[in-house]
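Reading through the structure tokens given below for one structure.
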Amino acid sequence: MFTKRVIPCLDVHDGKVTRGVQFGRAEEGGLRNVGDPVELAMRYNDQGADEMVFFDITASAHGRDTMVGVIERTAAQCFMPLTVGGGIRAVEDMGAMLKAGADKVSINSSAIATPELITAGAAKFGSQCIVVSIDCKRTAPDTWKVFVKGGREETKWDAVAWAEEAVRLGAGEIVLNSIDADGTRAGYDIPITRRISEAVGVPVVASGGAGKLEHMVAVLREGKADAVLAASIFHFGQYTVADVKHFLAAEAVPVRIV
Amino acid sequence: MLALIDYGSGNIRSVENALRHEGADVKLISDPSRLADAQAVVLPGVGAFGDCARGLRERGLWEPIQQWLAADKPFLGICVGYQLLFEGGEESPGVSGFGFFGGQVRKFRAPGMKIPQIGWNSLDLTPHPLWSRIGEHPYVYFVHSYYPEPTDPAVTIARSTYGETFAAAAARGRVAGVQFHPEKSQTVGLEILRNFVAHI
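Protein chains in written order, with numbering that gives the first Met the number 0: chain D, 0 to 257; chain A, 0 to 199.
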């Protein structure tokens, strides 16, 4: 049976896993260090995570080199799908991450700035490698706009229109992060997740807002997401990946239990 | 020595890591003359069917691999490396595969299913040495939009269902191919690779 994926996300700053309280607080020192990314990845691997996302929030050349090392060390020990995002601005950056052992690269602001990057990456590595991550925010009762620069800058793009365009350009998967929900632990943004999942023919990963296990059931069922991504609920030991899987299974959501 | 064919197709580091983890003496081979020292071949493949076929031909690897297959020597094709064992496919019309198995590679077409299939799916297994110690319905990781349809159903050693049921693995003699990624399928995948290495 084809299953829904549960994906822990590790925000990595200078080679260490961190998690801000809410979007964009990195600069304000609001980060809480929760450990070594490779060690955490191993733990989630053992718990049966379906995939792992590493997000580099360092946003510097030094940070990128550090990230390559993190991916290399993880890929040597964790035999599971790995996605890397953050700081990827060119096809060469994608190549470096894939060569280090990543299976997919995730681009966000750089895709908005240079949409051709999606097409170039898909042509060189295949669409299945290219994930477009979208930060969106509800700006009117029925409108979600795409934001960049860590949620600080509004773009001209409507979130659904940008998701459709990204797929047309070659994206093989969409990660949808709700700025409104991120860090609140009050649940995923279900309406926009559902709209985008219904609008595109590629998998949609829901991100931002997970606080309770019921939130995951809701976004997978009503939000029609193909996967759920979460960070803090795993990092602080509130739930293990296995807890999530067992809960989803009990709610009749198809998952892989190891 | 196990020859992991390096022909510019995507990321083979993970396959190398996983095979090494299971005790194989892995060498990345892009020079056809070095196949003479090999006891087994693993052919990975990421990207388009036509690009992979071209990459092998450009490096002079096509004919040696064709002969390897004909000689029934240990071989494992992964993802597009599996698809290339068939005659050809919808993704790259006019490009021939090795034709080791009869049949074409076709695109998923079940309505309402997202393409590519990305994620974990279970297998229905037919007994085969590759499947030792992995249980009856193991979960493995897939990333693909196309799958081969063998003309002879007897070569199919695993089936999976994504809107439609397809051949997730095929084998004849000592040659096998898998559509999923054992190198990304955690314990189950490592066990499959260990079984391959053990039978070299």
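We put the beta carbon where it would ideally sit given N, CA and C, even for glycine.
Because the structure is a prediction, the values reported are computed rather than measured.
Legend entry - Cutoff 7 angstroms; reference residue 22 (chain D); Cβ partners in own chain excluding five residues on either side: Residue confidence for residue 22 (chain D) is low, a pLDDT of 40 falling below 50, so the modelled location carries little weight; the figure read from the coordinates is stated next. Only 149, 150, 178, 181, 182 meet the Cβ criterion.
Inset, instruction - Could you work out which residues of chain A lie near residue 2 (chain D), taking near to mean beta carbons separated by less than 9 angstroms? - result: Those are 118, 119, 120, 121, 138, listed as they occur along chain A.
Inset, instruction - Within its chain, find whatever has a CB closer than 6 angstroms to the CB of residue 124 (chain A); leave out the 5 residues flanking it on each side and keep chain order. - result: Closer than 6 angstroms at Cβ, skipping near neighbours: 130, 157.
Inset, instruction - Give a yes or no on whether 8 angstroms exceeds the smallest Cβ distance from residue 190 (chain D) to chain A. - result: So no, residue 190 (chain D) is outside the interface.
Inset, instruction - Report yes or no: do three or more beta-carbon pairs, one from the segment 45-64 of chain A and one from the segment 15-26 of chain A, lie closer than 8 angstroms? - result: Contact fails: fewer than three Cβ-Cβ distances are below 8 angstroms.
Legend entry - 8 angstroms Cβ cut-off: residues of chain C touching residue 74 (chain D): In the displayed structure, chain C is absent; the protein chains listed are D and A.
Legend entry - Through-space distance from residue 29 (chain A) to residue 11 (chain D), alpha-carbon basis: Rounded to the nearest angstrom, the two C-alpha atoms are 35 angstroms apart.
Inset, instruction - Starting from the beta carbon of residue 225 (chain D), find every residue of chain A whose beta carbon is closer than 9 angstroms, and list them in chain order. - result: Within chain A, the C-beta atoms nearer than 9 angstroms to that of residue 225 (chain D) come from 113, 117, 118, in chain order.
Legend entry - Within the segment 35-110 of chain A, ranges of the beta strand (DSSP E) (whole runs, at least 3 residues): Runs of beta strand (DSSP E) with 3 or more residues, each lying fully within the segment 35-110 of chain A, are found at 39-42, 74-77, 102-106, listed in chain order.
Inset, instruction - Residues of the segment 111-137 of chain D with a CB closer than 9 angstroms to any CB of chain A: list them in chain order, please. - result: Within the segment 111-137 of chain D, the qualifying residues are 123, 124, 125, 126, 127, 128.
Inset, instruction - Kindly say whether residue 185 (chain A), judged by its beta-carbon, lies nearer than 8 angstroms to any beta-carbon of chain D. - result: Chain D, which has a Cβ nearer than 8 angstroms to the Cβ of residue 185 (chain A), makes this yes.
Inset, instruction - Return the chain-ordered list of same chain residues with a C-beta closer than 7 angstroms to the C-beta of residue 118 (chain D), the five sequence neighbours on each side being excluded. - result: If the five residues before and after residue 118 (chain D) are omitted, its C-beta is found closer than 7 angstroms to the C-beta atoms of 168, 169, all from its own chain and listed in chain order.
Legend entry - Status (buried if at least 16 other CB within 10 Å, exposed otherwise) for residue 51 (chain D): Residue 51 (chain D) should be labelled buried.
Inset, instruction - Could you work out which residue in D:34, D:74, D:44, D:8 is closest to residue 186 (chain A) when comparing CA atoms only? - result: The shortest CA-to-CA distance from residue 186 (chain A) to any of D:34, D:74, D:44, D:8 is the one to D:44.
Legend entry - Cross-strand partners of residue 112 (chain A) (DSSP beta bridge): Secondary-structure assignment with DSSP links residue 112 (chain A) through no beta bridge to anything.
Inset, instruction - Measuring alpha carbon to alpha carbon, tell me which of D:114, D:152, D:147 ends up nearest residue 164 (chain D). - result: Nearest in C-alpha terms to residue 164 (chain D), of all of D:114, D:152, D:147, is D:114.
Inset, instruction - Within the same chain, show all residues whose beta-carbon is closer than 7 angstroms to that of residue 6 (chain A), passing over the 5 residues directly before and after it, in chain order. - result: Correct list, in chain order: 29, 54, 55, 58, 60.
Inset, instruction - Could you check if residue 66 (chain A) is buried or exposed, using at least 16 other CB atoms within 10 Å of its CB as the buried criterion? - result: So residue 66 (chain A) ends up on the exposed side.
Legend entry - Which listed residue (A:150, A:189, A:193, A:199) has its alpha carbon closest to that of residue 173 (chain A): Ranking the options by Cα distance to residue 173 (chain A), first place goes to A:199.
Legend entry - For residue 5 (chain D): DSSP bridge partner residues: Residue 5 (chain D) is bridged to D:227.
Inset, instruction - Could you run through the segment 43-77 of chain A and flag, in chain order, every residue whose CB is less than 8 angstroms away from some CB of chain D? - result: Residues 45, 46, 47.
Legend entry - Test: residue 142 (chain A) CB closer than 8 angstroms to a CB of chain D: Taking 8 angstroms as the threshold, the shortest C-beta distance from residue 142 (chain A) to chain D falls below it.
Inset, instruction - Confirm, please, whether the CB-CB distance from residue 9 (chain D) to residue 53 (chain D) is below 8 angstroms. - result: Yes, they are a contact pair.
Inset, instruction - For residue 189 (chain A), decide whether its Cβ has a neighbour in chain D, counting only Cβ atoms nearer than 8 angstroms. - result: Chain D places a beta carbon closer than 8 angstroms to that of residue 189 (chain A), counting this residue as a contact.
Inset, instruction - Identify whether residue 254 (chain D) lies in helix, strand or coil by the three-state DSSP scheme. - result: DSSP places residue 254 (chain D) outside both helix and strand once states are collapsed to three, so it counts as coil.
Legend entry - Reference residue 241 (chain D); option with closest CA among D:80, D:255, D:141: It is D:255.
Inset, instruction - Flag residue 27 (chain D) as yes if its beta-carbon sits less than 8 angstroms from any beta-carbon of chain A, otherwise no. - result: Confidence in residue 27 (chain D) is poor, its pLDDT being 41 and thus under 50, which makes the residue's placement unreliable; the coordinate value appears in the next sentence. Not one chain A Cβ lies under 8 angstroms of residue 27 (chain D).
Inset, instruction - Helix, strand or coil for residue 78 (chain D), going by three-state DSSP, please let me know. - result: DSSP places residue 78 (chain D) in coil when its eight states are reduced to three.
Legend entry - Partners in chain D for residue 182 (chain A), counting only beta-carbon separations shorter than 8 angstroms: Going along chain D in sequence order, the residues near residue 182 (chain A) (Cβ under 8 angstroms) are 78.
Inset, instruction - Could you work out which residue in A:116, A:171, A:195 is closest to residue 181 (chain A) when comparing CA atoms only? - result: Measuring C-alpha to C-alpha distances from residue 181 (chain A) to each of A:116, A:171, A:195 identifies A:195 as the nearest.
Inset, instruction - Determine the extent of the beta strand (DSSP E) in which residue 160 (chain A) is found, giving its start and end residues. - result: Segment 155-161, the beta strand (DSSP E) holding residue 160 (chain A).
Inset, instruction - Could you spell out where the alpha helix (DSSP H) holding residue 36 (chain D) opens and where it closes? - result: 36-46 is the span of the alpha helix (DSSP H), which, as asked, contains residue 36 (chain D).
Legend entry - the segment 234-252 of chain D / the segment 198-207 of chain D touching (three or more Cβ pairs under 8 angstroms): Taking one beta carbon from each stretch, the segment 234-252 of chain D and the segment 198-207 of chain D have fewer than 3 pairs nearer than 8 angstroms; the two do not touch.
Inset, instruction - Spell out whether any CB of chain D is found under 8 angstroms from the CB atom of residue 161 (chain A). - result: Flagged as an interface residue toward chain D: residue 161 (chain A), by a C-beta distance shorter than 8 angstroms.
Inset, instruction - With residue 28 (chain A) as the anchor, note down where its alpha helix (DSSP H) starts and where it stops. - result: That residue, residue 28 (chain A), is in no alpha helix (DSSP H); its beta strand (DSSP E) goes 25-28.
Inset, instruction - Taking residue 168 (chain D) as part of the beta strand (DSSP E), name the residues at either end of that continuous run. - result: DSSP places residue 168 (chain D) outside any beta strand (DSSP E); the residue lies instead in the alpha helix (DSSP H), whose first and last residues are 158-168.
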